[in-house]
Amino acid sequence: MLPRLSSQSDINPTVIAFLDQLNQQGFSGDIETQYSSRLAVATDNSVYQVLPQAVVHPKTTNDVQIIAHLANTDPFKSIQFSPRGGGTGTNGQSLTSGIVVDLSRHMNQVLEVNEAEGWVRVQTGMVKDALNDAVRPYGYFFSPDLSTSNRATVGGMINTDASGQGSLKYGKTSDHVLSLQAVLADGSVLESDGSLGFSEDDNFVSTALTVSEQVCREHRPLIDEKFPALNRFLTGYDLKNAFDPKSDSFDITRILCGAEGSLAFITEAKLNLTPIPKARTLINVKYNTFEAALRNAPFMVQANALSVETIDSKVLNLAKQDIIWHTVSDLITDVPGKEMLGINMVEYAGADEQDVRLSVEQLTAQLDDMLKTEKGGIIGYQVTSDVASLGRIYNMRKKAVGLLGAVKGSAKPIAFAEDTCVPPENLADFIDEFRALLDGHGLHYGMFGHVDAGVLHVRPALDMCDPEQEALMHQVSDEVVKLVAKYGGLMWGEHGKGFRSEYGPAFFGETLFNELRRIKSAFDPHNKMNPGKICTPLDSQDELVKVSDVKRGTYDRQIPIEVRDSFSQAMECNGNGLCFNYDTASPMCPSMKVTADRRHSPKGRAGMVREWLRQLSEQGFDVIELENQTQYTSSAKGLIEKWRNTLNKRHEYDFSHEVYDAMNGCLACKACASQCPIKVDVPSFRARFLNLYYTRYQRPAKDYLVANIETLLPYMAKMPKTINFALKQPWVQSLTAKTVGYVDAPLLSVPTLEQRMKAQLIEAFDLEKLSKLTDAQRAEYVLIVQDPFTSFYDAAVVEDFVKLAFVLGKTPVILPFKPNGKAAHIKGFLKQFAQGAQSTADFLQQVAQLNIPLVGVDPALVLCYRDEYVEILEEKRGEFDVLTVHEWLLPLMNTLSSSPSSDKEPWYLFAHCTEKTKMPNAEKEWGSIFKHFGGVLHTVPVGCCGMAGTFGHESDKLQMSKDIYGLSWKPQMAALPKERCLVTGYSCRSQVKRFEDQPVQHPLQAILRLINVV
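Everything in the sequence shown is counted per full-length UniProt numbering, starting at 1 for the first residue and increasing by one.
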């Protein structure tokens, strides 16, 4: 039986008192002290792990002022903070043992757009891509472009002075900051445009302004000497650009940009916007070696390109194995007979289409000459000017960061020396020596970067669970610092210092570093703001954080290696945060989108499972042995013990409850399993967790209903009208909601599928008869694999599939109903699922010997045979394939003549989220099928519908289900004619019917209609 687990951490009484006072002072935001919430922000996109004391989510600048002002009073002077946005930093910038102040949950709105002057004012918790969505209708965009743009916040960009692709022309974030609103450590507010007056006697603002300007003026020669002449020079406080000798002016925003939250909380920003280019062209130049790509990059820059991005063969090969590759495979094709080992992605953009075209023509002419002479290692190139295609290529490039973390084995690419920056003319030589350094340690690595700016991303593969490898990380860091100095560059060219702050004193030298400390003292004399980052106040004995500080691997190595390997889908999460994608049309993690709670994300859930495994291991429990024990069948004594534990759940803390709460909100949509570059598969380890959780605690009644619904449905279908009559009764609905926790139960199909098939005179399944047919005869058959929901709740779809098969000249045969078991798996009934899956797999394997196509109409249930069956049964699954409808139809197009249809109105496809993520070409293939039959099909970009099997029918999840539907499905349905909307998933059709009070069709039904109106 699963043991009870503790929180493993106590909160400082001073912090508890502070949080109590915070509420009394009128703080309107959220305060979280539960272990799971703190654990969710104990990591970022780095290797470090630091557990905070609490997490607060302010709603307004006033809330932030209350936090800072209260903390500046005598009882709470020891309390420290770290501002946090998307948590995408690669060097632990937002990690703290104090209190995390997360601005991303509530402070994420556009406050003002000035179209005439081309600027926007926003709250700094706003995601960068969301900002661009907001200003795109005005013809603008916020130009600093980083790989994490769909989850990184504006505040995070300001605090790291982020740049990214196109920085030679567009510059860094600080180049676009017009003014900032910042709350200092005493609660005073700095408006960097001078719009807010202040008293010199009662706050830190005047001192901060005075001292910062003095430092920049008095030490100008030393600043010019020390700050390298690079496009990227993230050195902490930007002393070089804060003071302009020509205009004799000082700009405090330059001090705050890149300060990593060590000076103030930045709550609002006024940002300069860039007009969207009217013309864009991307040239993908292919090379026979990565070195050739690097050495050829300066030539591309000289050709007046907007940007030159490079990726090596390792990154390319990883992309080819990922779902992302299907979107770019036609845009980056292989060169026949030659191996592509590097690519330079060269972009031209501008307001004048002719200028862009001329620049492209000049470069391609030079490339043609180089191809003829085999100069520079160039083996080919491709040109595209389609904006959507450019977006797909850059999305692939952006995902490269995460893809590097998906390599096999215990050694994973680690971010610690991966944003080195040297003058572009030194880059190739620098990389030669960098490679020799890494090769000398026997390390594997992939490379990509912004070669136009001299920035290289290199992530050597290390096993952070191995103490020797952890020590090697620090050694390599030291060596890289010396190497970049040799080539006139920086170790931190793009991603800030964070835990690399220990190298600051040596880089700046004693005099200039003490001036940085002087600025820190003026802003934050008590070292409350993100202590240990950048520098410490003068006269402070506090230390800087170090590369050797505590890492996630310190905790992970406490879990036995066989357990780590068994739970690799959780253990290998590297914190890249792609699951925080704000886009409502993205299928990735709908529960995270509606809750804005990091716990309810694949990253959060993976982190909690890792801690759960660690605590079990710490108490001497072997998870794999627990899973193998036969305690899943409950004896009377076991049931009594479970009920006792369930009752005590209210009184006794158990960390497992916090894990359960996070898992309970998962829709098991499986988007994470393919969308995440690391393939973090929450439904997989969620099922295993629930399986063990319920060895200690009693399951709710609804779980038994859900897990056994497939067994019950054939019996219910024998009296569908009686069942439906009962389900319609208000008292039955109320009783079911209160006692079982199940709402909006769908009604059975009337007539039933069996009755419909009798009316169709469809041939009954006869294995012996079918086995006696010739191969040619069997080629004219199709076997329809039933799923419980379509067959019993939406039988018209199966009936129309039968009609479609007849129309296409095939003989349909419906197989006897066999439970699929997906619902049991979702609820963690793993023993029951394994037994049922084995029985169904044995049957399907036997039928598959007929060599007749097996086809199911619901994609989620079909994919269960390929995913959960393989995972649970392994080799016992046997060999059989069940196709989705579109997979069966697509090859038939080669044998069926195309024909025009008189139905010229477009149809609109809403694909099931599991189908979209597991079968990335599905929507495109449906489009080809409709085109063949003379129809027009438009793909509608939507995320999850919020039903996810039975999730939306559980009363405790009803509101979340409705909220998820409202993210993307509801607005799209409102904008389109519902009678033309086609939905592949049964659960999605059920959700639409529930909230729109109107049924929608499966795409196969529309195809049948197209054929019938020819």
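Cβ atoms here follow ideal geometry from the backbone N, Cα and C, with glycine treated the same way. All of these numbers come straight from a predicted model, not from anything done at the bench.
Which residue wins for smallest C-alpha separation from residue i, given the options the options?
{"i": "M300", "options": "E887, P424, Y140", "result": "P424"}
{"i": "G828", "options": "V942, Q698, G943", "result": "Q698"}
{"i": "A417", "options": "L712, V387, M491", "result": "M491"}
{"i": "V885", "options": "A805, K822, F951, T917", "result": "A805"}
{"i": "F789", "options": "D766, N820, R610", "result": "N820"}
{"i": "E710", "options": "H1002, A269, L111, F833", "result": "F833"}
{"i": "F227", "options": "F513, L209, G927, K702", "result": "F513"}
{"i": "D10", "options": "D20, M1, Y35", "result": "Y35"}
{"i": "L190", "options": "N921, E268, A406, S97", "result": "E268"}
{"i": "F792", "options": "L815, P751, K810, Y781", "result": "P751"}
{"i": "N304", "options": "A208, S163, D355", "result": "D355"}
{"i": "residue 1015", "options": "A759, Q541, G935", "result": "Absent from the model: residue 1015. The displayed extent of the chain is 1 to 1014, so no value can be given."}
{"i": "K769", "options": "M396, V813, E799", "result": "V813"}
{"i": "S28", "options": "D44, H57, L222", "result": "H57"}
{"i": "K670", "options": "K679, A662, R151", "result": "K679"}
{"i": "P730", "options": "A745, G498, D334", "result": "A745"}
{"i": "L230", "options": "G493, A388, T646", "result": "G493"}
{"i": "S6", "options": "P75, W612, N648, A1006", "result": "W612"}
{"i": "Q214", "options": "L516, K398, F580", "result": "L516"}
{"i": "S389", "options": "V740, L443, H450, I324", "result": "I324"}
{"i": "S674", "options": "T914, T253, M157, V594", "result": "T914"}
{"i": "S78", "options": "Q53, G92, E347, S94", "result": "Q53"}
{"i": "E112", "options": "L271, A162, R254", "result": "L271"}
Any idea which residues DSSP pairs residue i with across the strands?
{"i": "N284", "result": "M345, Q382"}
{"i": "S307", "result": "E347"}
{"i": "N272", "result": "W119"}
{"i": "E32", "result": "V55"}
{"i": "F243", "result": "F250"}
{"i": "L19", "result": "DSSP lists no partner for L19."}
{"i": "K551", "result": "Y48"}
{"i": "F265", "result": "V183"}
{"i": "D312", "result": "G342"}
{"i": "Q165", "result": "D145"}
Along the chain, where does the beta strand (DSSP E) containing residue i start, and where does it finish?
{"i": "Q123", "result": "119–123"}
{"i": "H326", "result": "Segment: none, H326 is in no beta strand (DSSP E) and carries neither H nor E."}
{"i": "F448", "result": "447–450"}
{"i": "E225", "result": "Taken as a continuous stretch (DSSP letters only), E225 belongs to no beta strand (DSSP E), being part of the alpha helix (DSSP H) at 220–226."}
{"i": "S179", "result": "177–183"}
{"i": "E191", "result": "189–191"}
{"i": "I762", "result": "No beta strand (DSSP E) contains I762, which DSSP labels as neither H nor E."}
{"i": "G156", "result": "From DSSP, G156 is part of no beta strand (DSSP E) but of the alpha helix (DSSP H) over 154–160."}
{"i": "F910", "result": "907–910"}
Hey, quick one: how far does the alpha helix (DSSP H) through residue i stretch, first residue to last?
{"i": "M716", "result": "701–716"}
{"i": "L883", "result": "Segment 882–884 is the beta strand (DSSP E) holding L883; no alpha helix (DSSP H) there."}
{"i": "L1008", "result": "1003–1012"}
{"i": "G856", "result": "Here G856 belongs to no alpha helix (DSSP H); instead the beta strand (DSSP E) covers 854–856."}
Quick check: is the beta carbon of residue i nearer than 8 Å to any beta carbon in chain D?
{"i": "L748", "result": "No chain D appears in the structure shown, which is made up of a single protein chain."}
Quick one: is the Cβ of residue i within less than 7 Å of any heavy atom of the ligand PLP?
{"i": "N45", "result": "This structure lacks the ligand PLP; in fact it carries no ligand of any kind."}
Does the contact criterion of 3 or more C-beta pairs under 8 Å hold for the stretch 378–397 versus the stretch 110–123?
no
Meets three-Cβ-pair contact criterion under 8 Å: the stretch 305–313 and the stretch 460–468
no
Can you list the alpha helix (DSSP H) stretches of 4 or more residues lying completely in the stretch 454–521, in chain order?
467–486, 504–508
Cβ pair count under 8 Å reaching 3, the stretch 552–562 against the stretch 271–281
no
Residue ranges of each beta strand (DSSP E) within the stretch 69–148, 3 or longer:
81–84, 99–102, 110–114, 119–123
Would the stretch 687–694 count as touching the stretch 723–739 if we require 3 or more Cβ pairs under 8 Å?
no
Contact between the stretch 107–120 and the stretch 510–527: three or more CB pairs below 8 Å?
no
At a cut of 8 Å, does the stretch 313–333 reach the stretch 357–376 through at least three beta carbon pairs?
no
Stretch pair the stretch 596–609 + the stretch 963–973: three plus CB contacts closer than 8 Å:
no
At 4 residues or longer, and completely inside the stretch 814–849: list those alpha helix (DSSP H) runs for me, N to C.
822–826, 830–848
My parser needs the alpha helix (DSSP H) runs of 4 or more residues fully inside the stretch 939–998; what are they?
958–967, 969–975, 986–996
State whether the stretch 404–414 contacts the stretch 560–580, with contact taken as three or more CB pairs (one from each stretch) at a distance under 8 Å.
yes
Contact between the stretch 942–961 and the stretch 657–670 (3+ Cβ pairs under 8 Å):
yes
Hey, is the stretch 502–510 in contact with the stretch 421–441, meaning 3+ C-beta pairs nearer than 8 Å?
no
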